[in-house]
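This report refers to the structure that appears directly beneath it.
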Amino acid sequence: MTKTIPAYQRIKQAILDNIHAGKWQAGKAISTEMALAAEFGVSRMTVNRALKELSAERVLERRQGSGTFVAQQQFNHTFVEVRNIAQDLKSANRDYQAKVMSKRVITADMLDDELRRKFAIEATDASTDLKNTDNTVSNHKASVLYEVKIVHFADGQPIQFEERWVDAKKVPKFIEQDFSVVNTSDYLIAKSPLERGSYTIRALAAPDEIATALQIAPQSPTLVLCRQTYSAGQVLTFVKMWHAGDRYQFSGEL
């Protein structure tokens, strides 16, 4: 049985979709509470809850006597600095290469519990006859996420295995990029600037797929950085970056 999505959540999603689609741009007013209530067939109290939550998430700005506006947020590299391995290796004067292992469309019926939770996606019944062959993909009405798997090399040696999932609606052209040339993080920042993020770093034994990609023995120690970044109040991308434990270290200055 499909879980019914509360009306205020549907209104929030519709507002976010309009912002990401460019209908309502930063600094511009959105529809009034009365107009939204009429559009969705709900009370103004329900609309007010949606607007209040989006304001708390810094997506909207409510101005007394003027209306509700898309927040003027100047997101850039200095607000959320997302470094990537290409930058690190090039800065260290090491030869860098990337090899795309696979990329595919993820539909609602393919989601596991971790991805549903990360992207706050409700369980739905979605049927599709989408086929992937030779790592080729196409846009599809049931598309929910895009998935790419990339091996990053330093001086010819595999040093990182990247597993990344991206909200397909927010960055529809993502899957069409050649990520042996274009860096995933750089592309996402350019297309949908980030407002915040969170990450964890764990030591894990390498599963077979990871071990093969990194050319290490199965169950060898790896450092895994998991990161999720947000744009306009929602998760834009979730990534797992596996590093061969004896070839990579995280460092910085305090």
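Numbering (our numbering), first residue to last: 2 to 255. Glycine is no exception: its CB is placed at the ideal position from the N, C-alpha and C atoms.
Residues near residue i in its chain [Cβ-Cβ closer than 8 Å; skip 5 each side]
| i | result |
| --- | --- |
| Ala-38 | Ser-44, Arg-45, Thr-47, Val-48 |
| Trp-25 | Ile-16, Asn-19, Ile-31, Val-71 |
| Leu-116 | Ile-107, Ile-122, Leu-146, Trp-166, Phe-239 |
| Ala-212 | Ala-218, Pro-219, Gln-220, Ser-221 |
| Leu-189 | Val-167, Val-172, Phe-175, Leu-195, Thr-230, Leu-237, Thr-238 |
| Arg-59 | Ala-72, Gln-74, Glu-196, Gly-234 |
| Ala-36 | none |
Proximal residues to residue i (C-beta, below 6 Å), its chain only, five neighbours per side dropped
| i | result |
| --- | --- |
| Asp-161 | The question names Asp, yet the displayed sequence has Gln at residue 161. Same-chain partners within the cutoff: Ile-86, His-153, Met-242, His-244. |
| Phe-41 | Ile-12 |
| Gln-250 | none |
| Lys-29 | Val-71 |
| Lys-192 | Val-172 |
| Glu-163 | Ile-151, Met-242 |
| Asp-1 | This structure gives no information on residue 1, because the portion of the chain shown stretches from 2 to 255. |
Three-state class that DSSP yields for residue i in the structure shown
| i | result |
| --- | --- |
| Gln-235 | strand |
| Arg-248 | coil |
| Arg-95 | coil |
| Leu-226 | strand |
7 Å CB neighbourhood of residue i in its chain, flanking five on each side removed
| i | result |
| --- | --- |
| Phe-180 | Ala-99, Val-101, Val-149, Ile-151 |
| Asp-156 | Arg-95, Asp-96 |
| Lys-119 | Gln-229, Val-236, Phe-239 |
| Leu-55 | Lys-13, Ile-16, Leu-61, Gly-234 |
| Ser-144 | Val-106, Thr-108, Ala-169 |
| Gln-88 | none |
Cβ pair residue i, residue j closer than 9 Å
| i | j | result |
| --- | --- | --- |
| Ser-221 | Ala-206 | yes |
| Leu-195 | Pro-159 | no |
| Leu-237 | Lys-174 | no |
| Ala-169 | Ile-107 | yes |
| Arg-165 | Tyr-200 | no |
| Thr-230 | Ala-204 | no |
| Arg-63 | Tyr-9 | no |
| Gly-68 | Thr-33 | yes |
| Lys-104 | Ile-176 | yes |
| Ile-202 | Val-183 | no |
- Query: Which runs of the beta strand (DSSP E) spanning at least 3 residues fall entirely within the segment 144-220, listed in chain order?
  - Reply: 144-155, 158-168, 197-206
- Message: Quick check on the DSSP output: what are the complete alpha helix (DSSP H) runs of length 4 or more inside the segment 9-86, in order along the chain?
- Response: 34-41, 45-57
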